[in-house]
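What follows is a set of notes on a single structure, which appears directly below.
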C-alpha cells in the first residue's frame, strides 16, 4: 500500500513537468529552426516499448536532441546532414542514413556482453576488448532486488576466483572476501575497496566484543547506489594499487547522471526471513538421564549429582519438563528497503541523487540493522575543457546487536548449551536459570542486554579535470572517508552478568578519517595503427583514527543507562593511531591495430607502517594480449568464432595490512598496579619489517562463439606471496610470544572458468546462462620455524594447505576392559565406551604426537550458476552457489555432543554407548571426560560441501502498451527467495559460516554460529 | 580559467610538500622501547608493570592459586572449561591453553623485571633509589622463577632431589628478536641459585615498610623461607621464619588476626601484620577470583566449588570452615570461600602471611636434623588455637608432621598450596594420580615446539 501512496502524487507532478518541457522544446525549435526537420520514434527491439531519453545527434556535429516519454523525437538538421547517430545507455548505438527520409523508426538492441563495453580499471577505463588484465565485472543491476546489505555480500558466487564467507548470519555482520585464495597468514587477506576513487576504511570498529561476529564497516555502503563492481584479480590489474593490492582490489562505481530526461526510480521490497535449520535438543527427561548417567560413569554407581555440588539434577528424569530454547530465540524477521532516486541532466550538468532506507531484523530476536543513505553525484562541464565531478554520500546505520559464538552470554550459544528443562520464565516472572551454570537464559541474553551501535559515515569526493591539449588531460581529486561510531552497551542487574556489579554500562566512540589526494595526468596519441596512452599519478593518503572507551558500574536501577549514573568508574581510556601512504604511478598502454595490446605499469609506494629501512617499495606489472580474431586468417571463421583473445600478465603487488606500528619496539601503558601507572614492554621491534609481496602470473583465453552468444573465459593463475608478514612464534620464556618478520611464502594457484551463453533468443523468449567455476589450490611453501596451531583444530605447517585441520584419529569405541588393556595407553581413567584413538607414532601411548592433518577447509572447487529465463514481461532468475570438497570443523558438536558437563545436549546423543547399547556411534556419557573423548579429532570433522539455491526470483514487467497510457517508463513486480534450499551432508546449522572470520589461519570452523536466514521477499521497481 | 588551473596544480603540489609528514607517524598510546626506561619516571612505572604482571589472571590473579587446589583435592570443577576438567581429572594434555597462558604470563613478568634490573642502575637522578627498585624487581623475578618451578620443575618425588627438571633462565631483557632465541632448561639447582641470589638481594635492600602491595624486607624473607621449605633446607627455613616471626612475639596472637576477626583477613583489606604481602585490586583493576567461584545467580560463573573432601577435612568447631566453605546467605552462594567474596573483582590477594610462616617453622622444626618437638607444636598450636581448635594430640615426629600438613591444607586452602605440599612429600597418589610423572606439569606444547625441542618436554608427556 505504501508504495502506491508514494507513487500517486509523483505521477501528477511529473505530468506537469513533462508538459512544461514540451513547451520549452517547441520554443527552442522555433528559434533554431533550420533547413530540414526530421521526426522519428525509438523503440526497444525486444518488446517494442518506446525508449525515452535516447540521444539523437547528427554525426559530426553538435546538433541533437533526446527522445520524449513516448520515444519520439523531432529535430531540425542542416540540409547537408548525412547520418543520424542514435545512442542510449545499455543499448548498441545505431547509425542511420538520412537520405530523403524525414521520419525514422529506430529499433535499438540491448548490448549482449558487448565488446564495446567499457571496464573500469585503476585510474581509468578500458574497452573490454582491449583489456589485457583479469577483471571481473558485476553489474549491480543483476543484483538489484536481492536483500543484500553491503557490497561485499553482493560479490558472493558472482565471479570466478572470489570466495565470500560470512562469519555470522547476524544483520550487518562482516564478510571474509578472498580474491584468488587466502593471500596472507598474519596480515590482512581482504581486498582493497575503492569507491569512486576513494579507498575505503574496512573492518570492524566495534570496541565491544560480542563473540565471533564482528562489525562490518562495509555495511554502511548502500548497494543500490552502485552501478558496477569491478574485481581486479591479476597483477596487471592490481599492481597499480601497489602496497595494498596483494589481495586484489574491488572497484566500486556509483551511479551517475546522464544527458537525458530526468528519470525517477523507486525500488522497494519487503521480505520475511526465517531460520531454515535447527539442531534438535534433548528433552528435559533425556537430558537429566544423560547427566545422571555421566556422573555415575565418572564417580561410581551410587553417586548422584548433588554430591558433586550440582544442584537440582537428582530427581527421576521423567519428572523434568522440556523446553526447546530455539523456539524462544528465533523469529520470523522482516526485511525492507525503500530506495528513491533521480538521474538525469543535460550536456553541461548531470546528476544522480538518491535516498534509501534499509531495515533488517535478525532471525534471532533483538538483532536488527537499519540504515539510511543519501547520495548526490554531480558532474558539470564548466566549458569544453574543464570538467568538475563530485560525489557525496551520507549514511547512518543503527544496529542492535546480540552476543554470539564463543560467549557464555551468547544467544544462539546459550540456547544450544543450556539444559532443556529450564523454563523461559519461572512462575514469578523471573527468568528460568540453571543454578549450576555460568550461562544465562538465552532470552535474557537477548532481551535484557542493550547493545546499540550507531554509525555515521561520509564519503565525499571532489575532482577537477582539465583538457590541456587534445589527448592531454590533468585531473586532481580529493576524497574523504569519515566514519564515526558510537556504541552503547548496558547490562542491567536483571541479567546474571550485571547482577554481581549491579549494572554495567559501557560507551565508546571511535572515528576514522581517511583523506586522499590524487593527481592524474593522462596523455593519449595515435599514429596510424599505433595507439599510445600514458597515465601518471601522484597519490597522497593519510588516515587518522581515535577512540574513547568508558565504562561504569553500580547503577541506581536500570532506568538510567548513561554512565553518569554509575557510581563505580571502571574504565576511562582513549587511544589514537595513524598511518600515511604516498604513491607514484606510471602506466603505458600500447596497441597496434587493435590486435596486439601491451600494458606496463609501475607504482612506487611509501608507507609509514614499515621500518625506516624498508619504507618504500616498487610494484611493476606487464601484460599483453593478442586478439587472434582480428587477424585476417580468422576471417573465414568469423561466423563461428566471433572473438578470440589470448592474454598474459605478470606483476608484483604488496600487502601492508598489519598494525600501524608493527615495526617499532614498544613499551605500552596501562599496566597499572595499586592505582599507580605502570609500563610494560608490548612489542619487539623489527626495523627491517617491509612489504609482503605477491608475484602473480596469469594466462587467459577469451573466446566468443556464434556472434558472441557463447562467451568463455578460461584463466590460470599462480600467485606466490613472499616475505609474508608473519607473526613468528617466539618461546614464551623470552617474555614475548611473537615478532613480526618478513618470512615465509604462500602459493595460491588455480584455474578459473566463466561461461556466459544465450541459449535461446526468440522474440518473446530468452534464456541465458552464466557459470563461474574455480579450482583453487593453496600451499604454505615456507614458514618460519615450527608449525603452529590456530582456532580450535586449525594447523599451519609448511607444505600443507593454509586452512588445514589437525587432530587425533578416531579408531573406534572401546568395548571391554580387555580391549583397553591391549590397546595403547590412553589414560588411567579410560573405560569401555570411551573412544580409542589411533597410535600414529607407534609408541604404544596416546600423546600429543599422535595427531596428523585430518582435513582442509580449502575446497576442490566452487562456483556460481545463474539461469535467467524471460518470456514477455516475465523473468525468472535462478542463482545456485556451490562448494565441493572442503571440510568444516564442527566445534559446536564438541559441546552439544560432548556429554561431559552440564551443557545441554542434542538429540544425537541418544545414540551413545552404554553397556547395553554397544553398537552406538557416540561414546559413553562421562562427566569431566577423563579419556578426553572430546579432543580435537576426526570425530568433529565433517564434509562441508554444499549446493545452495542461493536466490530465485520471479518478476513481471508491465507491457509497454499499458505503460505508455499511464506515462510510466517501467513497472516491475517481483518476488524472490534467498537461501531457498541447501543440499549438504553437513550436520550443523550452516556449512557456509566461519566463526574466525578475521583469522586467515582458521577458516571453516563452526562454533555456535548465528546461521544465515532464508528470506522470501517481494517488491516493485518503478521508473518514470 | 588559467587561474583555476594554477589553483588545481598548486593544490596538488601543496599536498606533495607534506610528503615527509605523511610517512612519519608516531604511536600515541605507547612509548619507544629504546627510551622508555631511561628516565626515573619510566623505570618507576616499569617497576609497577612487574607487579601488574604478577596480578594478571594467568598468574596470581587466578591461575597460580586456583590450579594447585584444582589439580588436587581442595576444589571441584563445577564449570564448563574442558581445560579445567583436565586439571581436576589429573589428565593434563601439553596443549592445554591454561598451561601455556600461565607459562607465558610468568615469563612475561620476568622479562618486565629484567628490563628494570638492567635499566635502573643507569638512572642518575639522585632522588631515585636504585637499590630498592632493583631489589623489588629481583625479588619479583626470583619469586616468579620459584612459581614456575613449583609447577614445571623438580622431580616426581619432590623438589631439590638432585636430578629434577629445571627451567629456561632469562636474566637479561629481551630487546630484539635475537634475544628471544630459545634457551634449554637449566638444571633445577641452577634455578635455585638464581632464585636465592634474587631473594637475598631483596632481603638486603628492600625497605622495612612500604606502601600496600609493595615488597618489604619481611616479604622477601618470608618468600625465601617458603623456598627453603621446598628445598628441605629446614634449618634455614626455620631461621628465616624466625627472623620475621620474632618481630611479633610481643604482639597479640603473635601477630595473627584473632579468632574473632579471622575472616576479616580477606573481607577487609591489608590486615597487617598478618598479611605480609598482598596484591591490591580495585574496581578498575580486577581479578576474577570470586567470579570463578560464584554462581550465576550471584554474578559469577560457578567454575569451581569447595570440594566435599576439603569440607570434610575440617575438625568439628574449626572457625575456618565457614571461610573455606560458605553456607548460603543472601548474596553468598553455598560451598564457596570467603577468601574471595567480591564478585566485582576487587578482592585483594594475599601472597604470603604470618600463619604460613608459623606452619613453615613448625614443619622445619620437626624436620630438621634434631627435631624441635616443643617448638614445632607451639607453632602448630598457635594456628590451631586461632582456629578455635584444641591443641594437637600428635606426639611422634611423624604424627606432628602429618598434623602440620593437615593444618596447612585447612589454613592455606584456596591459596594455591595443596598440590605443591603433596608434591613435596611425594604424596600425589592421594589424589588418585597413578602415573608418577604427573607430579610435574607438562611444559606447554607450544614452548617445546617453538623452541624446536631445545626446551625439552618433561618426561612422559
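Chains as they are written, first to last, in this note's numbering: chain A, 120 to 1143; chain B, 10 to 470.
Backbone N, C-alpha and C fix where the C-beta goes; we use that ideal spot for every residue, glycine too.
None of these values were measured; they are calculated from a predicted model.
Query                                                                                                                                                                              : Result
Could you check how far apart the C-beta atoms of residue 1107 (chain A) and residue 1011 (chain A) are, in whole angstroms? I think they sit under 8 Å.                           : 6 Å
Which complete beta strand (DSSP E) runs does the stretch 890-931 of chain A hold, if anything under 3 residues is left out?                                                       : 907-909, 913-915 and 923-926
How close, in whole Å, do the beta carbons of residue 144 (chain B) and residue 56 (chain B) come, if the pair is a contact with beta carbons under 8 Å?                           : Going by Cβ atoms, the distance from residue 144 (chain B) to residue 56 (chain B) rounds to 10 Å, so no, they are not a contact pair.
Can you name the residues that DSSP bridges to residue 800 (chain A)?                                                                                                              : A:786
If distances are taken between C-alpha atoms only, which option among A:959, A:240 and A:205 comes closest to residue 224 (chain A)?                                               : A:205
Please list, in chain order, the chain A residues whose beta carbon lies closer than 7 Å to that of residue 33 (chain B).                                                          : 727
On the CB-based measure, 16 or more other CB atoms within 10 Å of its CB, does residue 921 (chain A) come out buried or exposed?                                                   : buried
Ignore the nearest five residues each way along the sequence and tell me which others in residue 746 (chain A)'s own chain have a CB closer than 6 Å to its CB.                    : 714 and 764
Given residue 398 (chain B), which residues of its chain have a CB within under 8 Å of its CB, disregarding the five upstream and five downstream residues?                        : 324, 326 and 327
Over the uninterrupted beta strand (DSSP E) stretch that includes residue 665 (chain A), give me the two end residues.                                                             : 649-672
Strictly below 8 Å CB to CB, what residues from chain B border residue 1048 (chain A)?                                                                                             : 91, 94 and 98
Name the two residues that bound the continuous alpha helix (DSSP H) containing residue 616 (chain A).                                                                             : 615-618
Secondary structure at residue 775 (chain A), three-state DSSP: helix, strand or coil?                                                                                             : coil
Could you tell me the distance, in whole angstroms, from the CA atom of residue 292 (chain A) to the CA atom of residue 177 (chain B)?                                             : 44 Å
Suppose you measure from the CA of residue 442 (chain B) to the CA of residue 99 (chain B); what does that come to, to the nearest Å?                                              : 7 Å
Scan the stretch 158-182 of chain B and note each continuous alpha helix (DSSP H) run of 4 residues or more that stays entirely inside, going in chain order.                      : none
Run through chain B and tell me which residues come within less than 9 Å of residue 661 (chain A), C-beta to C-beta.                                                               : 27, 30, 31 and 34
Taking residue 431 (chain A) as the reference, which of A:556, A:684 and A:491 has the closest Cα?                                                                                 : A:556
Would you mind telling me which residues of chain A sit closer than 9 Å to residue 192 (chain B), beta carbon to beta carbon, in chain order?                                      : 850, 852 and 853
For residue 307 (chain B), which residues in chain A fall below 8 Å Cβ to Cβ?                                                                                                      : 618 and 619
Counting only the same chain and skipping the five closest in sequence on each side, list residues whose C-beta sits under 7 Å from that of residue 806 (chain A).                 : 730, 731, 732 and 782
Name the residues in the stretch 694-726 of chain A whose C-beta lies less than 8 Å from a C-beta of chain B; which are they?                                                      : 694, 695, 696, 697, 698, 699, 700, 701, 725 and 726
For residue 461 (chain B), I'd like the list of residues in its chain whose CB is within less than 8 Å of its CB, leaving aside the five on either flank, ordered along the chain. : 191
Less than 9 Å between the beta carbons of residue 981 (chain A) and residue 1007 (chain A), yes or no?                                                                             : no
Does DSSP put residue 1026 (chain A) in a helix, in a strand, or in coil?                                                                                                          : helix
Mind listing which residues of the stretch 407-427 of chain A have their C-beta closer than 8 Å to chain B's C-betas, in chain order?                                              : 426 and 427
Determine, using beta carbons only, whether residue 134 (chain B) comes closer than 9 Å to chain A.                                                                                : no
If we ignore side chains and look at the alpha-carbon of each, how far apart do residue 1035 (chain A) and residue 1028 (chain A) end up?                                          : 15 Å
Can you round the beta-carbon distance between residue 658 (chain A) and residue 631 (chain A) to whole angstroms, since I take them to be within the 8 Å contact cut?             : Wrong, their Cβ atoms sit about 19 Å apart, outside the cutoff.
Quick check: is the beta carbon of residue 856 (chain A) nearer than 9 Å to any beta carbon in chain B?                                                                            : yes
Can you say whether residue 941 (chain A) is buried or exposed, counting buried as having 16 or more other CB atoms within 10 angstroms of its CB?                                 : exposed
Mind the definition here: the stretch 451-465 of chain B touches the stretch 384-395 of chain B only if three or more C-beta pairs lie below 8 Å; say whether that holds.          : no
Could you tell me the distance, in whole angstroms, from the CA atom of residue 1061 (chain A) to the CA atom of residue 670 (chain A)?                                            : 42 Å
Pair every Cβ in the stretch 117-127 of chain B with every Cβ in the stretch 167-184 of chain B, then say whether three or more of these pairs are closer than 8 Å.                : yes
Under 9 Å, Cβ to Cβ, is there at least one residue of chain A near residue 235 (chain B)?                                                                                          : no
Take residue 424 (chain B) and list the residues in its own chain whose beta-carbon comes closer than 6 Å to its own, dropping the five residues that flank it on each side.       : 74
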